[in-house]
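Residue numbers (our numbering), protein chains in the order written: chain A, 1 to 332; chain B, 1001 to 1133; chain C, 2001 to 2554.
Glycine included, every Cβ here is placed at the ideal spot set by N, Cα and C.
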Amino acid sequence: MEYSNLITKLLEGNTRAAARLITIVENDIDAAETIIKSIYKSTGNAYILGITGAPGSGKSTFISTLTNTFIEQGRKVGIICVDPTSPITGGALLGDRIRMKQYFTLDRVFIRSMANRGQLGGLARATEDVIKILDAYGCEIIIVETVGVGQSEVDIFKSAETVIVLLVPGLGDDIQAIKAGIMEITDIFVVNKMDFPGADRKVAEISQMLELNSSFKYQSNQLREEYFKLVAWPPEIVKVNSKTGENFKELIEIIKKHIQFLEDTGVISNYLKNRIKSETLQILKHKLQKKVEDLINSNQEKIEQYINKVIEKSLDPYSMADIIIKMLGIEK
Amino acid sequence: MTEKRKIKVLVCKPGLDGHDRGAKVLARALRDAGMEVIYTGIHQTPDDVVNTVIQEDPDAVMLSMLSGSHNAICPVIMQKLKEQNIDDVLVAVGGIIPDEDKPFLEKHGLKGFHGPGTDLKTIVEFVQNNLKR
Amino acid sequence: MTETNEIEKEKEKWEANILKDAAQNERQKSFRNLSDIEIRRLYTPNDIKDLDYANYLGFPGQYPFTRGAYPNMYRGRLWTMRQFAGFGTAKQTNQRYKFLLEHGTTGLSVAFSLHTIYGVEADDDKALGEVGKEGVSIDTLKDMEVLFEGINLSKISTSMTINAPASILLAMYIVVAEKQGHTPDQLRGTIQNDILKEYIAQKSWIFPPEPSMRLIIDTIEYCAKYVPQWYSISISGYHIREAGSTAVQELAFTLADGFGYVEAALERGLDIDDFAPRLSFFFNSHNNFFEEVCKYRAARRIWAKRMKNKYGAKKPESMRLRFHTQTAGVSLTAQEPENNIVRVTLQALSSILGGTQSLHTNSFDEALCLPTEKAVKIALRTQQIIAHESGITDTVDPLAGSYYVEWLTNKMEEEAEIYFEKIEELGGVIPAIQANFFQKEIANASYKYQKEVENQEKTIIAVNRFIQTEQTTTPLLKIDEKIAEEQVNNLNKVKQERDNEKLKEKLEKLKEAAKSTENLMPYIIDAVREYASAGEIINVLKHVFGVYIEDSIF
C-alpha cells in the first residue's frame, strides 16, 4: 500500500510522517479514506478541546499559555489552527503560529495551520481526519482553534469534548456573535485579559445571557439535547490573564471537572455516538454526491433529454431527480 | 472527487531584522494567487524555521532577508533541513542579496534571490514553476 | 469676497476659452499623490480663500511655526548634515566617523547592530549572522569607549538610533563622556527612544507597551533634570513610512505617538514646559515632492496648536516642532542604482524646503548593501551642493504663499485630524496599537502601493518604465563574517576583566528598582559603569517586565 510506510512511522510517533499524512488527507479524499481506515484502530485516545473567539480576544496567547500548562503536566499537545480561505482567490493567510511558537519544543507540541477552504462541509471532514492523525501520532490533547463563530465552527466543534469560547472586556459585539451560533454548545466561557477594565462586567453580561437563554430554551423542543446539557452542566465562566498565566490553574480544574461530568453522566458516549453519526453522514453525503456526479457525467445525453422534457413541462425537476436516484440503483 | 491540491507556502523572516513590509506584501500576493500562506513572523532562528517546515509540510519556504545575515543563516537552515531528510521543499531567499553572494547560496540549494522592485507576479510564477513536488 | 468671485468668473472664462479640449487630453484621468489625495489641475487664490495669514502661517520662529522652527532658518545656521553610520566593530565605525568629520559632516549618527537594538549579546543564538552587519556592534561600555575614541563628546552632537535599550546606550554615552572629563549637562544629541512606532512599524521591541513607556518617561525625566541639552526622544515617522504607510499616515501616526508620550509624561506629573522642548521628531522624505514639503509644514502647525490648546504649553519652545529627516530607504531601487542619487537629491530638497533641522541623505547603493565610502561621500556632497550652491537657503520658507502648497498643507492637516479622531475613538494610541489599528492601515496602504506600481499606475523609473535589461555592476561593501568572532572575543575579555561581584550587586539593585516605580536611569548608569552588557541589563528587565509578542496583521 502506498502510504503504509508513512503510517508505520506515524504510529511510531514520527513527526514528519504525521505532517505529510495531514497534507495528504487535506488534499485527497480518496487517499484520506485509505489512511483513516488503516489508522482508525489506533485512535480514540486524545481529548479534544475546541476553542474559538473573535479576532482581538487574544486566542493565540491564551492557547500558548494553556498549552504550556499541559506540557508542564507532561502531556503531548496537538494544535490545529483553522483560518478562513478567501472566497475570491481561494488562497489563505495563516498567521496564528506567530504567537504560538514561543517555548514549544517539537516533541511536545505539534502545531498545524489549516485553511477552511470554503464552507461546503469539507472543513469538518478534513478536520476530523487531521484530529485522527494527531491522535494516532500520540497527542493526548488536541486543541482545535477557529476564528469566528459561524456554522462551520459549530460543525468542527462536534468533535470536541469541551468547547471554550474566549471573550475580552471591551469588545461590545462578541456576545451578540455568540448568541447567533455557538452559545448552545459552549461548556466554558473564558474572559481573557482580566486585567483590563470591564472584565467583571463581561462576566455579568455572560451570566445574564445564559439566564435569558435557559428560559428561551425551555420552550424549544428542537434544542432539547442542548438544554439537557445546559441544565446538567451550567456553563462555567472564568477570568484569566494569558500573559501572566493568572487563573489557569482554576481553568484546568474546570476542564477536569467537565471531563469528569461527561464521564459520570455518560454524556461522553452520547457525544461519541453523535460524532460518529454526523461524521458518517458527511462521508455518505460526499460519496453519494460523487456517485451522482459520476452518473451525470457518464450519461450526459440521457440527462440532456430529461432536461428538455422538464423544459417542455412533460417532466418536473422532482420527478427527474427520482429518475436519477433509480439510475443510481437506490429505490426511492 | 479529488480536491485540487493547494500550494502551501511558508513566508519567514529569519534573523533579528524587523522590516517585514516585503514579507507581508509577498504573503498577500501569494494568497491572492490562490496559495495557502503561513507567515511565521519575525525573529526566526534556523531551528524555528525547520520546526515549522516539519510540522506544516509546505511546498515552498520563502525567506525574506534584508540585514546581510543571509550567508550565515541560510546555509544553517539548509543543513538542518538536510539532517531531517527534507529535500522536496523549494527554499528561496529574497530581499537584499548581493549578486556576488548568489553562487555561494545556490551551492547550498537556495533559489530565488528576488530583490527590491521585483514584480510580485514574477515571484508568484517563480513559486509555481519551481516546486519540487 | 467680490475679489474671489471675480477670480472664479475669470477661471470659468479661462476654462471655456483657453483650456477647452485640453481638459480631456491629459496624461491621466486623475492625478493623485502618494496619500491618494486628488491634485487639481490648477490652484488659484480661491483654493485658499479662508487662509488667515496670522493664524495659519504667521512668521518663522513664532506660533504656529508653519513657516519654520527658527526666525531666520538657514540664513543663520544650516541644517545639521548628519549621516547615519555604523557597521562592524566599534573600532571600524570610529574610523568611519573620523572620515565623515574630515569631510564636513556636522553631527554623528550611530547605527547599531541588530543584536544591540534587540538587546541580545553578540554570542546569542539569535545574533547569528547579524553582528556588525547593519550597524556597529555594541555590547558593553568598553565598545562605546572605543566608538568615540578621539572624538570630543562635549563638542559634537550625536544621534543614536536606538529604541528598546535606549536608556542603556544613553547611560553608556554619559559614562564615556564622564571618562573624557565632561559632565552630562555638556552633552548634545538624541536617542530615538520611540517605542510606539516599533509596535506600529519597525518591530524592534523587547518589552510590552506599559513597561516600555515607563522606561521612556524615565529617560525623559532624567534628561530634563541632568542632561538638559539632550533630546530624550525622537518621535519617528520614518519607520512608519518605510513600513509602507502614506504621507498622511506618517504625519498622523507620528504626531499621535507624540501626543501619547506627552500624555504619559503629564501623567507622571512632569511639567509640560520642562520636557516638551526636548522632544524631537524624525520624518521620512519620499518621492512626491510637494506632498513632502506640505507634510512638514502641516506637522509644525498641528503640533503647535495641540501643545498650546490641548496640553496647555506656555513656552513657545514647547510648541515648536523640530525634526530630523532621512530620505526614503524604500524608494531606492536596485535597478540602475545611480538613479538613486537623483531621487535622493529631490527628497533632500523637499525636506529642506519643508524646514528640516537635520538631514541624512541615503547613499545610492543602499538597496544593494551597506553604503560604500564613495556612495556616502556623494550623499553628503548632495546636501552640501544644495546648501552652498543652489541659493535655496537664502530665504525662509520660499514656497509659502503658493496656492498649491498652502492648499495641500491645509489638506494634509485635515486628513491627519480625521486619523486623530479615529485614534481617540479607539481610546488613544496604546489601545489603538493593541487593536492593531495602525498595523492594519499600514499593511493595506503598502499592499495598495505595490499593486499600483505593478499595474503601472505609479511609475518608478527603470523598475516599471524605461526598463533597461543590461546589468550594471556596483562595487559593494562587504562585512567580514569574522567580525562576530572578534566581537564575541571583546565581550568575553570584558567579562573576565570586570568586577563581577560588584556588577551582580548593581544588577540586583536594578531588578529591585524595576519592581518599584523608581526612575531606572541611575541604576542603569551604575550597572553600565561596571561594564554590564546591554544584553545582561535587558535580561534583568525582561524578568520583571516580560516580553512583547506581536499579532499577525497583513
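The segment 2256 to 2273 of chain C and the segment 2380 to 2390 of chain C do not touch, with fewer than 3 CB-CB distances between them shorter than 8 Å. Against chain C, the beta carbon of B/Ala1072 has neighbours under 7 Å at Leu2128, Gly2129, Glu2481, listed in chain order. With fewer than three CB-CB distances shorter than 8 Å, the segment 2513 to 2528 of chain C does not count as touching the segment 2095 to 2110 of chain C. For C/Ile2467, no pairing in a beta bridge is given by DSSP. Judged by DSSP secondary structure, C/Val2120 falls outside any alpha helix (DSSP H); it is assigned neither H nor E. CA-CA distance, B/Ile1096 to C/Ile2240, rounds to 20 Å.
With a threshold of 16 other beta carbon atoms within 10 Å, C/Gly2107 meets it and is buried.
Taken in chain order, the whole beta strand (DSSP E) runs of length 3 or more contained in the segment 123 to 199 of chain A are 141 to 147, 162 to 167, 188 to 191. In this structure, the straight-line span from the alpha carbon of A/Glu304 to that of A/Leu284 is close to 27 Å. Listed in chain order, the positions of the segment 2323 to 2348 of chain C with a beta carbon within less than 7 Å of a beta carbon of chain B are Thr2333, Ala2334, Gln2335. B/Cys1074: member of the alpha helix (DSSP H) spanning 1070 to 1083, first to last residue. Scanning C/Asn2362, C/Gly2354, C/Pro2522, C/Glu2010 for the CA closest to the CA of C/Pro2060 turns up C/Gly2354.
Shown in chain order are the members of the segment 232 to 247 of chain A whose Cβ falls below 9 Å from a Cβ of chain C: Lys243, Thr244. In the three-state DSSP reduction, A/Phe248 falls in the helix class (H, G or I).
Residue state for A/Gly95 is assigned as coil, using DSSP reduced to three classes. Among the residues of chain B, none has a CB under 9 Å from the CB of C/His2360; the nearest is roughly 17 Å distant. Bridge pairing for C/Thr2254: absent [DSSP]. Per DSSP, C/Asp2526 is one residue of the alpha helix (DSSP H) stretching across 2521 to 2529. Excluding sequence positions up to five before and after A/Ala160, its CB lies within less than 8 Å of the CB of Ile48, Leu49, Gly50, Val144, all in the same chain and listed in chain order.
Residues of the segment 290 to 306 of chain A whose Cβ lies closer than 8 Å to any Cβ of chain B, in chain order: Lys290, Glu293. Counting C-beta atoms within 10 angstroms of its own C-beta, C/Trp2014 has fewer than 16 neighbours from the protein chains shown and is therefore classed as exposed.
C/Asn2455 carries a coil assignment under DSSP once its states are collapsed to helix, strand and coil.
Three or more Cβ pairs drawn from the segment 1020 to 1031 of chain B and the segment 2239 to 2253 of chain C lie within less than 8 Å of each other, which places the two stretches in contact.
Distances from the alpha-carbon of C/Gly2068 to those of C/Thr2356, C/Ile2423, C/Tyr2403 put C/Thr2356 closest.
Going by DSSP, C/Thr2158 is part of the beta strand (DSSP E) stretching over 2157 to 2161.
Taking each of A/Val82, A/Glu236, A/Phe189, A/Thr105 in turn and checking the Cα distance to A/Ser60, the smallest one comes out for A/Val82.
For the pair of segments examined, the segment 2314 to 2321 of chain C was found not to touch the segment 2074 to 2092 of chain C: the number of CB pairs separated by less than 8 Å stays below three. Identification of residues in the segment 2418 to 2441 of chain C having a C-beta nearer than 9 Å to some C-beta of chain A yields Gly2427, Pro2431, Gln2434, Ala2435, Asn2436, given in sequence order. Each residue's CA atom was taken as its position, placing C/Ala2252 and C/Ile2418 some 9 Å apart. Taking 9 Å as the Cβ-Cβ cut-off, the segment 2522 to 2551 of chain C approaches chain A at Gly2546, Val2547, Ile2549, Glu2550, Asp2551, given in chain order. Following the DSSP letters along the chain, one finds A/Ala115 inside the beta strand (DSSP E) bounded by residues 109 to 115. Ranked by Cα distance from C/Leu2476, the options B/Asp1101, B/Gln1055, B/Asn1130 are led by B/Asp1101.
Considering only A/Phe196, A/Lys302, A/Ala19, A/Val238, the residue with the shortest C-alpha distance to A/Val109 is A/Ala19.
Taking the Cα positions, C/Glu2221 is about 31 Å away from C/Ile2352. For B/Lys1107, no chain C residue has a C-beta closer than 9 Å to its own C-beta; the minimum C-beta separation is roughly 16 Å.
Around A/Arg117, the same chain offers Thr85 as residues with beta carbons nearer than 6 Å, after the five sequence neighbours per side are excluded.
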